[in-house]
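If you're matching positions, the sequence shown starts at 104 in our numbering and goes up one per residue.
In this text, a Cβ means the ideal position worked out from N, Cα and C, and glycines have one as well.
Bear in mind that the values here come from a model prediction, so they are computed numbers and not experimental data.
Let me begin by presenting the structure, written as structure tokens, before commenting on it.
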Amino acid sequence: MFRMSKKRVVILGSTGSIGTSALKVARDIPDRMEVVGLAAHSSVETLAAQVLEFGVRDVCIFDESKAAELRSLVPAGTRILCGLEGLCELATLQQADMVLVSIIGTAGLKPTLQAIEAGKDLAIASKEILVMAGEVVMSRAAAKGINVLPVDSEHNAIFQCLQGHRGGADQVSRLILTASGGPFRTTPREQLTNVTLEQALKHPTWKMGRKITIDSATLFNKGLEMIEARWLFGIPMERVDVIVHPQSIVHSLVEYTDGSILAQLSSSDMCFPIQYAVTWPDRTLNSLKRLNLAEIASLRFEAPRWDDFPALRLARTAGLTGGTMPAMYNAANEVAVQAFVDGKLSFPGIWQTVEQTLANLSPRPYNGSLDIILEDDALARAEAARIISR
Ligand code: MG
């Protein structure tokens, strides 16, 4: 009998929704996954408990003001790092094989590029990284010969459906992302104006962080995923499609040029894509819930409401235009979502702000420059804020 190797993983964003699922996977398959580094933004008690449970010696707390408290909660030999510098240090940790990036926002960009330079495989859960800098990340990863494993459930599903196939643009006719449709899938257009924060935070099938839950309600999450898919799999934007599938059982599909469609199915639990990213190309027995197809009985699909949820159309335009436009799309949405959370913007105001921001600004090619991406990200944030305050 052969022994399969154990992957040594650094988790950036270990106290968030993806991070805690990743630790569940580590508990479930200890022969295949070892946690060697942990980073969190500011949840110091949760982070300390994780350090103790997994015996981790290298840890980063992004918020420097929490470092002393962390120091008091972990064993004496623990190395404590802080800030963006600390994230980068952890991302290049010598004993790590893989870095799981599950940080919200743009803070994950630099550590991701450094992990690539250090030759670490990447498991990417943060959409922003591929949306903003997909071209840079994928080309540098290819040059270094490292693997980029998608953790987003849809992209992980597509990745699984591409295994054993030549996945190029000449073989794949469409990538079909499934969307649950969110809590307002059947809400008439005129009622979307009155949507409250509480209603937007009730996702029908997935339990996730706040920002992504609101993005699922506006379908901006799917829009970001369309752009993400375009870069991850090198398929032209016009061939990245979306189908609404309210049950979230089929996690996405690939249509090949011969008309065959392959799909990946499982129960809605992020542990499935995380485990596959860690154990790929192997499959490992786990304790996750199996699907009972007879009980499910039927799978439902419907066309997305392109006109009522403009996030999808805007994403396609951003992906087709390229350059810094996807970064601007992402940045304007982040600002608009925060304004909605703060009660300063209506629900449709989110996409109206993004649409107006993109109309007012001119995207540029970035030619591999992270600085240009971050400049236009800041520009879009300022413009969105200006539009909202009017
Ligand atoms: Mg997803």
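Inter-residue CB distance, residue i and residue j (contact presumed, cutoff 8 Å)
i: V457; j: P407; result: Going by Cβ atoms, the distance from V457 to P407 rounds to 17 Å, so no, they are not a contact pair.
i: L417; j: G271; result: Between G271 and L417 the Cβ distance is about 27 Å, and since that is not below 8 Å, they are no contact.
i: A226; j: M201; result: 6 Å
i: A142; j: V162; result: 7 Å
i: V251; j: L335; result: 7 Å
Same chain, Cβ closer than 8 Å to residue i, five either side skipped, listed in chain order
i: D411; result: R292, L295
i: L415; result: L322, K325, G326, M329, V345, P407, W409
i: S370; result: I352, L391, K392, R393, L394
i: G312; result: G119, S120, I207
i: I279; result: D344, V345, I346, S355, L356, V357, E358, I364
i: F443; result: L300, A303, I317, S449, F450, G452, I453
i: R403; result: H348, P349, Q350
Rounded C-alpha distance that separates residue i from residue j
i: A245; j: I315; result: 29 Å
i: K109; j: T209; result: 30 Å
i: I476; j: T281; result: 29 Å
i: F287; j: L300; result: 12 Å
i: Y469; j: I399; result: 47 Å
i: R489; j: H258; result: 34 Å
i: G122; j: P253; result: 14 Å
i: S363; j: S120; result: 34 Å
i: T424; j: I338; result: 14 Å
i: L193; j: H144; result: 14 Å
i: L473; j: R182; result: 29 Å
i: G267; j: P384; result: 11 Å
i: T360; j: E405; result: 22 Å
i: A462; j: A483; result: 11 Å
i: T427; j: E437; result: 16 Å
i: L464; j: K127; result: 43 Å
i: T195; j: K447; result: 41 Å
i: S492; j: S401; result: 47 Å
i: G189; j: T290; result: 45 Å
i: W309; j: A260; result: 16 Å
i: P178; j: Q197; result: 21 Å
i: I164; j: D273; result: 45 Å
i: Y379; j: A397; result: 25 Å
i: D445; j: L187; result: 27 Å
i: D224; j: N297; result: 45 Å
Beta-carbon proximity check, residue i vs residue j, cutoff 8 Å
i: Y432; j: A439; result: no
i: T497; j: W454; result: Because residue 497 is not part of the residues shown, which for the chain are 104 to 493, the question remains open.
i: E358; j: R277; result: yes
i: V112; j: V138; result: yes
i: S256; j: M373; result: yes
i: A485; j: A435; result: no
i: L150; j: S175; result: no
i: T387; j: I132; result: yes
i: A170; j: C191; result: no
i: D479; j: R467; result: yes
i: E331; j: G237; result: yes
i: V381; j: R135; result: yes
i: D234; j: P413; result: At residue 234 the sequence reads Val, which differs from the Asp that was named. For V234 and P413, no; Cβs fall outside 8 Å.
i: I377; j: A199; result: no
Spatial neighbours of residue i in its chain, beta-carbon cut-off 7 Å, leaving aside the 5 residues before and after
i: R222; result: The sequence shown places Gly at residue 222, rather than the Arg named in the question. Excluding positions up to five away in sequence, the list reads K247, I249.
i: I232; result: V204, G211, L212, T215, V240
i: A366; result: C264, V353, L356
i: R243; result: L216, I219
i: M104; result: Low local confidence applies: a pLDDT of 48 at M104 is under 50, so the model's placement there is unreliable, with the coordinate-based value given in what follows. If we look at M104 and ignore the five residues flanking it on each side, it has no Cβ neighbours.
i: Q459; result: I490
i: F375; result: S369, L391
i: R419; result: M329, M340
Check: residue i C-beta below 7 Å from any heavy atom of the ligand MG
i: S369; result: no
i: S351; result: no
i: N437; result: At residue 437 the sequence reads Glu, which differs from the Asn that was named. Not under cutoff, so the answer is no.
i: S256; result: yes
i: E137; result: no
i: E328; result: yes
Own chain residues within Cβ distance below 6 Å of residue i, not counting five before or after
i: E172; result: V147
i: S319; result: G285, H306
i: F262; result: P253
i: R333; result: M340, V343, G422
i: Q350; result: none
i: F157; result: V138
i: A303; result: I317, A320
i: G471; result: V239
i: K230; result: L327, E331
i: Q441; result: none
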